[in-house]
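Numbered continuously in numbering that gives the first Met the number 0, the sequence shown closes out at residue 287. What follows is a short report on a single structure.
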Amino acid sequence: MKIIGILGIFLLAYVIWQYMELQKFAVTEYKVKTKKLDQPIRLAVLADLHSHEYGKGNVRLLEEIRRQKPDVILIAGDMIVSAKVNRYPVAAAFLQELCKIAPVYLANGNHEARVDLVESPYYEAYRTYRAQIAGAGVHLLENQKEELPAAGGMLAVYGLDIPLKCYEKGHVNPLPEKFLQENLGSPKEENFNILLAHNPVYIPQYTAWGCDLCLSGHMHGGLVRIPGIGSVISPQFQFFPKYDAGRFDENGSTAIISRGLGTHTFHIRIFNRAELVMVRLEPDKAGV
């Protein structure tokens with residue numbers, strides 16, 4: 000009985016700790032240098048909010064984003080949980096407030112993609128949500144790009160939709176060959192090209208395509224992280240995935256994977272605090 004009591008205390012302590020941990024987020028900053036811009040630009044990067052709230056109406060998260068003073072806000076998918084239609088308004092209200100801070104560009108994650116199908120029981124609710132965020136000014140990019148003048152150069156923001164089979168659990172289905180070229184075209188060399196691509200498993204293909212910066216999420220940091228090693232398991236049930244969180248420099252490009260801001264199904268974050276990512280693009284004046 001004594002052992003059971005001790006285990007019960009530890010379990011209660013763990014539940015309380017996890018509850019408190021899920022109410023917190025960190026700000027993680029990265030610097031990326033480029034010869035394509037003359038002045039610095041600040042990007043706020045969000046992923047995997049899953050209709051979570053940091054204070055009523057996400058007041059704490061909004062306050063932090065305002066404090067960071069981003070020039071552009073980029074979202075790498077999964078603002079909602081597909082089946083929880085009663086929480087769609089939480090994400091919509093948050094996006095409406097974000098649009099008052101800076102231009103917002105949003106790419107789909109797997110949760111948006113699976114309900115944007117006529118056969119989905121949540122299709123009509125999702126279409127209402129889409130109309131609300133579009134009306135607020137969100138730029139939804141579905142295998143599309145938008146260019147915006149910035150800092151003495153041009154930003155091109157691409158949003159990539161990949162097949163739903165690429166999110167199947169238990170294994171990784173290959174992304175069709177030349178999928179990016181066929182759906183997005185080829186990036187212009189003179190632009191600073193940003194790719195919003197939810198699933199980071201395909202980072203080698205994303206960076207080989209020619210983006211300067213790739214922004215992803217989906218992995219939730221691996222749920223459980225071991226200090227010095229990284230994540231334990233991916234949402235696709237792969238152990239110790241390479242592309243879990245943080246920065247990866249490949250093929251002359253930079254990829255940054257957010258640990259995400261929310262959770263779903265498994266509400267666990269161990270040594271893996273949620274994060275708001277800030278990216279500072281800096282002019283590379285080397286040799287000038």
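We put the beta carbon where it would ideally sit given N, CA and C, even for glycine.
{"Check": "Stretch-stretch touch, CB-based, cutoff 8 Å, three pairs: the region 51-60 with the region 88-107", "Outcome": "yes"}
{"Check": "C-alpha distance - Leu105 paired with Tyr121, whole-angstrom precision", "Outcome": "20 Å"}
{"Check": "Per-residue DSSP class, three states only, for Arg246", "Outcome": "strand"}
{"Check": "Local conformation of Thr127 per DSSP, three classes", "Outcome": "helix"}
{"Check": "C-alpha distance - Ser252 paired with Lys30, whole-angstrom precision", "Outcome": "13 Å"}
{"Check": "Entirely enclosed beta strand (DSSP E) segments - the region 154-212, minimum 3 residues", "Outcome": "191-196"}
{"Check": "Neighbour-count burial assignment, Ser185, 16 or more Cβ in a 10 Å radius", "Outcome": "exposed"}
{"Check": "Neighbourhood of Leu6 by C-beta, 8 Å cutoff - its chain only, sequence neighbours within 5 removed", "Outcome": "none"}
{"Check": "CB of Asp47 within 7 Å of CB of Asp77, strictly", "Outcome": "yes"}
{"Check": "Any 3 or more C-beta pairs closer than 8 Å across the region 221-234 and the region 173-191", "Outcome": "no"}
{"Check": "Where Gln237 sits in the DSSP three-state scheme", "Outcome": "coil"}
{"Check": "At least three beta-carbon pairs within less than 8 Å, the region 166-178 to the region 230-240", "Outcome": "yes"}
{"Check": "Candidates Gln131, Glu145, Arg66, Cys98: closest to Leu195 by CA position", "Outcome": "Glu145"}
{"Check": "Straight-line gap, Tyr128 to Leu10 (C-alpha atoms, nearest Å)", "Outcome": "38 Å"}
{"Check": "Where Pro88 sits in the DSSP three-state scheme", "Outcome": "helix"}
{"Check": "Unbroken alpha helix (DSSP H) run spanning Arg59, endpoints", "Outcome": "58-67"}
{"Check": "Where Met218 falls, given that 16 or more other Cβ within 10 Å makes a residue buried", "Outcome": "buried"}
{"Check": "Lys284 versus Lys164: straight-line alpha-carbon distance, rounded", "Outcome": "43 Å"}
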